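**Q** Numbering (our numbering), first residue to last: 12 to 236. The beta carbon of each residue, even a glycine, is placed where N, CA and C say it ideally should be. A quick note: this is a predicted structure, and the numbers were derived from the prediction, not measured.
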């Protein structure tokens, strides 16, 4: 059996790759990736020759796990990457890692870029504790229930959302957030990185003026005071 690595990759700026991550991606025999498109872009930007890869999505994680395990049994080393940042935060791969751990495969996690920590260092209010909620439900009735439960928490709340659903989240928060401040980051570390801060109405207006329909937003709701 060979070794398997969980490798954090840049969240937008490819210059943020660590030396250790670059070295590991060069030496492994195969890569488990979230999508072929982002894998191609990453390896092209880093100047690493493409190698054997296994696409691991939410729809085929079991199949990807079986393929990866067979490769490891042959003595090949592998690495898990997500489309960007540190794997396993709202990304596929959890089932794979758990299975390999049960098979006594040595797993090493390489630290690196993480959009959550990056955003938390930029937030203009004090964050002593936070709760990572990730993406809330796409269904309206479930989404509202989830937001209600989250807003009862005392610590800061971290959410992730796409531009297409952000409007729905902000509409809900306008009704429920009251006096808590909101911080939203867009495309961290990239040339068009944008930060929004203030009450929900102010943030909603500023985002609407930008007319952003690509990328990903990270939302941080201030802790209860």
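1. Spatial neighbours of residue 239 within its chain, please: CB distance less than 8 Å, with the 5 preceding and 5 following residues excluded, ordered by chain position.
2. Who are the near neighbours of residue 129 in its chain, counting only those whose CB is closer than 6 Å to its CB and skipping five residues on each side?
3. Rank 206, 181, 102, 139 by C-alpha distance to the C-alpha of residue 243 and give the top, closest one.
4. Report yes if the C-beta of residue 25 is less than 7 Å from at least one heavy atom of the ligand NAD; otherwise report no.
5. In whole angstroms, give me the CA-to-CA distance for residue 65 and residue 185.
6. Go through its chain and collect everything with a Cβ distance to residue 59's Cβ below 7 Å, but skip five positions before and after it.
7. Quick test of the definition: if touching needs 3 or more C-beta pairs under 8 Å, does the region 148–161 touch the region 40–56?
8. Rank 95, 219, 121, 166 by C-alpha distance to the C-alpha of residue 141 and give the top, closest one.
9. Do the CB positions of residue 160 and residue 172 come within less than 8 Å of each other?
10. Report, in whole angstroms, the separation of the C-beta atoms of residue 146 and residue 101, which I expect to be a contact under 8 Å.
11. Residues in the same chain with beta-carbon distance under 6 Å from residue 49, minus the five sequence neighbours each way, listed in chain order, please.
12. By the three-class DSSP mapping on this structure, what secondary structure does residue 214 have?
13. Nearest CA to the CA of residue 182: which residue from 91, 28, 107, 155?
14. Can you tell me which of the three DSSP states residue 17 falls into?
15. For residue 79 and residue 57, I'd like the C-alpha separation in whole angstroms.
**A** The short version:
1. There is simply no residue 239 to check, as the chain begins at 12 and stops at 236 in what is shown.
2. Answer for residue 129: 199, listed in chain order.
3. Any property of residue 243 remains undetermined from this structure, which presents the chain solely from 12 to 236.
4. The ligand content of the structure shown is nil, which means the ligand NAD is not present either.
5. 42 Å
6. 36, 37
7. no
8. The shortest CA-to-CA distance from residue 141 to any of 95, 219, 121, 166 is the one to 166.
9. No, the pair does not count as a contact, with Cβ atoms beyond the cut-off.
10. Going by Cβ atoms, the distance from residue 146 to residue 101 rounds to 6 Å, so yes, they are a contact pair.
11. 94
12. helix
13. 155
14. strand
15. Cα atoms of residue 79 and residue 57: separation of roughly 23 Å, rounded to the nearest angstrom.
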